[in-house]
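The next block holds one structure in the form of structure tokens; read it before the comments.
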Amino acid sequence: MQPHERVSPFKLHHPLPHKSGELLNALTSSFRRQLDREHPTNNSPASEPRNVLGKHSPPENPNSSIHATDKHLRNILDSPLFRQCAANPNRTPVNRYWGQNLATNPMAVFDELVTVGEVTDARLRRCLKSQLKLNTAAPQGRVVEAMRDSKAASRVVNWWWSTDEKTKKTLFYSSETMYLLTKFMVAEGMQDILLVWLKTFAQPGWPLSASSIFLSEFLRAEKDHGRGLASSMRHYLRARDMYVSEGFDLAGTDSMGSQVLFLAGGHLLRWFRANRVHNDKGYDNKVSASESEDYEDFAQLMSTVSPFKLYSTSVHLYHPTQPNAQPFLEFLRTKEGAESLSWPYQRRKYLKLSSFDAIRILNDQGKSEDVNWLMGALQEHLYESEADGKTSMKELEQNNVVRLDLLAF
1 MQPHERVSPF
11 KLHHPLPHKS
21 GELLNALTSS
31 FRRQLDREHP
41 TNNSPASEPR
51 NVLGKHSPPE
61 NPNSSIHATD
71 KHLRNILDSP
81 LFRQCAANPN
91 RTPVNRYWGQ
101 NLATNPMAVF
111 DELVTVGEVT
121 DARLRRCLKS
131 QLKLNTAAPQ
141 GRVVEAMRDS
151 KAASRVVNWW
161 WSTDEKTKKT
171 LFYSSETMYL
181 LTKFMVAEGM
191 QDILLVWLKT
201 FAQPGWPLSA
211 SSIFLSEFLR
221 AEKDHGRGLA
231 SSMRHYLRAR
241 DMYVSEGFDL
251 AGTDSMGSQV
261 LFLAGGHLLR
271 WFRANRVHND
281 KGYDNKVSAS
291 ESEDYEDFAQ
301 LMSTVSPFKL
311 YSTSVHLYHP
321 TQPNAQPFLE
331 FLRTKEGAES
341 LSWPYQRRKY
351 LKLSSFDAIR
361 ILNDQGKSED
371 VNWLMGALQE
381 HLYESEADGK
391 TSMKELEQNN
401 VVRLDLLAF
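So for the sequence shown, the UniProt record's numbering puts the first residue at 1; every next one is plus one.
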């Protein structure tokens, strides 16, 4: 053949399917035998060797590398790329798998989109939305199990590892997609992979906003679909340790701490407050010692990364075993009412709610003098008119924070 000649692909003789299967089986068997000869196990159960083609095959052993290899090969062969069928020329690949299938078997649709190379962020998001809708229809208490059994996270993560860098970044820039995907990843126990991804965001070329959104969604997913709020807090502290090991500064206006850890920590703080408010039995004295220590570590971290004393002092109100209103009171005593009146609405609202919680704690502890002072501070800091102040007192009583007839004015 001359160098300039080109071979037509139609002249190539592809092996027949059964020949390809025989070749694959032969290669697999040979590889397994060689692997077991090179890496024999000492705890193999005694069994009689079987004669295959005049040779002795290794004994059956669930701990041997044969089974690990078999599992690995099956995972490879289970890829949708090995199930590609000839496309109908009258229909696009997407239309073949869209429609009704998306509502009944969305991850099968995703597999086929991977097969034909038609995955986009919007299509992935629709597949995950449909899968989550199916799983949330499961009986109460089995939603997480249904999410885990769907293998949605495994499929997406396997696809992500095999795709190009541009597509990888596109996935991370979509907050809605990451919001959905982190739920499934947590349900399947992929927290370590999420932390690896978080470390990726810390590298140059990624905006801090990507890290902030991702960490917040990770913590939310762990709270709702993982091991709960305490576990979410532990992963938050693991993220802190990762940033420190990478040499990032946690203090300062533009630091990793204030831009990422503070925002995610703010979510944690609100969740701890909601958990406390909705706990009719009060504080849980059966909280483990490790959880109590984690919360103290969390409170200390918030004092480092928070640019606002409001949050770094109110965090002590929601300690699971030892709620403390004193740091919050000291903060209010150093602020003038006019300054807090100029705060944004959401921060003023948080100040009001935190004050209600502080009054509840102080009232339970019998500190009526501090309660009276804080009631007056509420009017000074938050309400510009006497009528508004009276409204706040009624709101306190309606929320069972304190009985007005027990207070001395």
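Just so you know, even glycine gets a beta-carbon here, dropped at the ideal spot from N, CA and C. Note that the structure is predicted; figures quoted are calculated from it, not measured.
Assigned secondary structure, residue i (DSSP; H/G/I helix, E/B strand, else coil)
i           : result
residue 25  : helix
residue 107 : helix
residue 164 : coil
residue 257 : helix
residue 319 : coil
residue 113 : helix
residue 252 : coil
Residue environment, residue i, which counts as buried when at least 16 other CB atoms sit within 10 Å
i           : result
residue 251 : exposed
residue 169 : exposed
residue 410 : The structure shown does not extend to residue 410, since the chain is modelled only from 1 to 409, so the question has no answer here.
residue 181 : buried
residue 217 : buried
residue 106 : buried
residue 104 : exposed
residue 405 : The predicted position of residue 405 is uncertain, since its pLDDT is 37 and thus under 50; a value taken from the coordinates is nonetheless stated next. Result: exposed.
residue 204 : exposed
Residue i to residue j span [Cα, whole Å]
i           : j           : result
residue 25  : residue 112 : 26 Å
residue 171 : residue 234 : 26 Å
residue 242 : residue 199 : 7 Å
residue 357 : residue 108 : 49 Å
residue 146 : residue 138 : 7 Å
residue 206 : residue 212 : 11 Å
residue 315 : residue 261 : 14 Å
residue 141 : residue 377 : 44 Å
residue 101 : residue 193 : 30 Å
residue 366 : residue 351 : 22 Å
residue 380 : residue 360 : 19 Å
residue 263 : residue 308 : 12 Å
residue 143 : residue 135 : 6 Å
residue 267 : residue 161 : 30 Å
residue 320 : residue 276 : 8 Å
residue 239 : residue 313 : 22 Å
residue 347 : residue 163 : 42 Å
residue 132 : residue 288 : 33 Å
residue 197 : residue 302 : 23 Å
Rounded distance between the beta-carbons of residue j and residue i, thought under 8 Å
i           : j           : result
residue 187 : residue 201 : Going by Cβ atoms, the distance from residue 187 to residue 201 rounds to 22 Å, so no, they are not a contact pair.
residue 325 : residue 332 : The Cβ separation is near 10 Å, so there is no contact.
residue 155 : residue 110 : 6 Å
residue 177 : residue 124 : 6 Å
residue 259 : residue 222 : Actually they are not in contact, since the Cβ atoms of residue 259 and residue 222 sit about 21 Å apart, beyond 8 Å.
**Asked** Can you give, in chain order, each stretch of the alpha helix (DSSP H) that sits fully within the region 194–240 and has at least 4 residues?
**Response** 208–225
**Request:** Entirely within the region 129–157 and at least 4 residues each: give me those alpha helix (DSSP H) ranges in chain order.
**Result:** 143–150
**Message:** Ignoring anything shorter than 4 residues, give me the alpha helix (DSSP H) runs that lie fully in the region 331–366, in order along the chain.
**Reply:** 337–341, 345–364
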